[in-house]
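Asker:
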Amino acid sequence: MNVLDLARAAGPLLWVLIALSLYVVYLTVARAQALSRLGRNADALIERARAVTAESGPAAALAEVDRAGHPAPAANVLRAGLGRADRGVDAAGAAMQSALLAEDTRLYAGLSALGTAAQIAPLLGLLGTVIGMVRSFLVFSSTAAPTPAQLATGISEALVNTAGGLIVAIIAYVARNALRARADRIAVAAERVREDLPGWLARPESRPRPEARLSRAQEYRDQNYDAQLYRDHERGTQPQQAGLTPVLAFDFDEASEKTRAISSGPNNTGVFRTTTPAKSAPAARSDGTGKGQ
């Protein structure tokens, strides 16, 4: 008995199962190709966008992402957030959330159809089983002594439909789970971008410009040196090192972005400090008593 004989024995319901199986195979192949394209690794692009955001701002990072043209959902979520970064972190977060919902629709498209096929295929097979058994009982009712060949027609129809329904259901169920696992991994990468981008945007605003801050080592040296000069002043010892000027206060010149020392003169008392230009304006010194404000 070949396939055609089985199809004839199973009746018209088997052709419905065959059409359903072809649809399941087509949908599985199409979704696998789509997820393969959407699942391309975007880590390099994300790291490059992070670096560009820190150096040149979100506008430059957006241009970099647009230039790359990456198809991954993570890149699309990143593009949406950078596009609204000029309106604030909250606006960028809302844009990324909307983009993430749109990407979820793309990622999980077709999976519900596979799930439906996995559910109805066994039911179609069960329907064929019932129809085959009914035919077998009709043989009993119409014939006093039915032959095995007459009974085999209905029984074969029942069993072939059951087997066909189970085969289609297994293929659809396995394909759906495999594709869903792949889509979940891609969605997690996009969700990670949505969680990380607000930190990229907030970090440059919370720290001073590089040209307006002293290094930690320089600040530490300045603090220690000021303390030593103050102790020398309390003991009445005048520092003899070159480059020291008696200073009462500092004045910050915004035009030249340099600190100009206001000297108290060689005979006045005050805290001594080197007049090395600095980018940031130090706090005012003492009012002549030798103690800082």
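Just so we're aligned, residue 1 is where the sequence shown starts under UniProt numbering, counting upward by one.
Glycine included, every Cβ here is placed at the ideal spot set by N, Cα and C.
1. The alpha helix (DSSP H) that contains T116, what's its start and end?
2. So does the stretch 27-38 actually touch the stretch 53-61, counting three or more Cβ pairs closer than 8 Å?
3. Indicate whether V77 and A99 have their beta-carbon atoms separated by less than 8 Å.
4. Can the beta-carbon of V172 be found closer than 8 Å to that of A118?
5. Any idea what DSSP makes of Y108, helix, strand or coil?
6. Secondary structure at R180, three-state DSSP: helix, strand or coil?
7. Would you check if there are 3 or more beta carbon pairs closer than 8 Å linking the stretch 175-195 to the stretch 72-91?
8. Between the C-alpha atoms of L45 and A183, what's the straight-line distance to the nearest angstrom?
9. Nearest to S136 by alpha carbon, out of L201, E103, A80, A152?
10. Between the Cα of R48 and those of D66, A32, A91, A145, spot the shortest distance and give me the residue it belongs to.
11. Go through its chain and collect everything with a Cβ distance to R31's Cβ below 6 Å, but skip five positions before and after it.
12. Whole angstroms are fine: how far does the CA of A42 sit from the CA of A68?
13. Can you tell me where the alpha helix (DSSP H) with N76 in it begins and where it stops?
14. At which residue ranges does the stretch 36-62 contain complete alpha helix (DSSP H) runs of 4 or more residues, listed in the order of the chain?
15. Determine, using beta carbons only, whether L13 and N161 come nearer to each other than 8 Å.
16. Smallest Cα separation from M133: which of E157, S112, Y23?
17. Please report the straight-line C-alpha distance between T143 and L17, rounded to a whole angstrom.
18. Rounding to the nearest angstrom, what Cα-Cα distance links V89 and L101 in this structure?
19. Give me the Cα-Cα distance between V188 and L114, rounded to the nearest whole angstrom.
20. Give a yes or no on whether the C-beta atoms belonging to L201 and A92 are separated by under 8 Å.
Answerer: Put simply:
1. What you label residue 116 is simply residue 116 of the sequence shown in a count that begins at 1. Taken as a continuous stretch (DSSP letters only), the alpha helix (DSSP H) holding T116 covers 111-142.
2. no
3. Residue numbering aside, residue 77 sits at position 77 when the sequence shown is read from its first letter. Residue numbering aside, residue 99 sits at position 99 when the sequence shown is read from its first letter. Cβ distance < 8 Å, so V77 and A99 count as in contact.
4. Translated into positions along the sequence shown, residue 172 becomes position 172. Translated into positions along the sequence shown, residue 118 becomes position 118. Sequence check: residue 172 is Ala here, not Val. Yes, these two residues count as a Cβ contact at 8 Å.
5. Reading the sequence shown from its first residue, position 108 is the one you call residue 108. In the structure shown, Y108 sits in coil (DSSP, three-state: anything other than H, G, I, E or B).
6. The residue you call residue 180 lines up with position 180 of the sequence shown. Looking at R180 - three-state DSSP - the assignment turns out to be helix.
7. yes
8. By 1-based counting over the sequence shown, the position of residue 45 is 45. By 1-based counting over the sequence shown, the position of residue 183 is 183. Cα to Cα, L45 sits roughly 20 Å from A183.
9. Residue mapping note: residue 136 aligns to position 136 of the sequence shown, counting from 1. Considering only alpha carbons, the answer is A152.
10. In the sequence shown, the residue the question calls residue 48 occupies position 48. Among D66, A32, A91, A145, the Cα nearest to that of R48 belongs to D66.
11. Start at 1 with the first residue of the sequence shown, and residue 31 comes out as number 31. If we look at R31 and ignore the five residues flanking it on each side, its Cβ neighbours are G110, L179.
12. Numbered from its first residue, the sequence shown carries residue 68 at position 68. Numbered from its first residue, the sequence shown carries residue 42 at position 42. Those two C-alpha atoms are separated by around 10 Å.
13. By 1-based counting over the sequence shown, the position of residue 76 is 76. Its alpha helix (DSSP H) spans residues 73-83.
14. 43-56
15. Translated into positions along the sequence shown, residue 13 becomes position 13. Translated into positions along the sequence shown, residue 161 becomes position 161. A contact, by the Cβ cut-off of 8 Å.
16. One-based indexing of the sequence shown puts residue 133 at position 133. Comparing Cα-Cα distances from M133 to each of E157, S112, Y23, the minimum goes to E157.
17. Translated into positions along the sequence shown, residue 143 becomes position 143. Translated into positions along the sequence shown, residue 17 becomes position 17. Approximately 31 Å between the Cα atoms of the pair.
18. Residue numbering aside, residue 89 sits at position 89 when the sequence shown is read from its first letter. Residue numbering aside, residue 101 sits at position 101 when the sequence shown is read from its first letter. Rounded to whole angstroms, V89 to L101 spans 19 Å at the Cα level.
19. Translated into positions along the sequence shown, residue 188 becomes position 188. Translated into positions along the sequence shown, residue 114 becomes position 114. If I take the Cα positions, the gap works out to 22 Å.
20. Position 201 of the sequence shown, counted from the first residue, corresponds to residue 201. Position 92 of the sequence shown, counted from the first residue, corresponds to residue 92. Yes, they are a contact pair.
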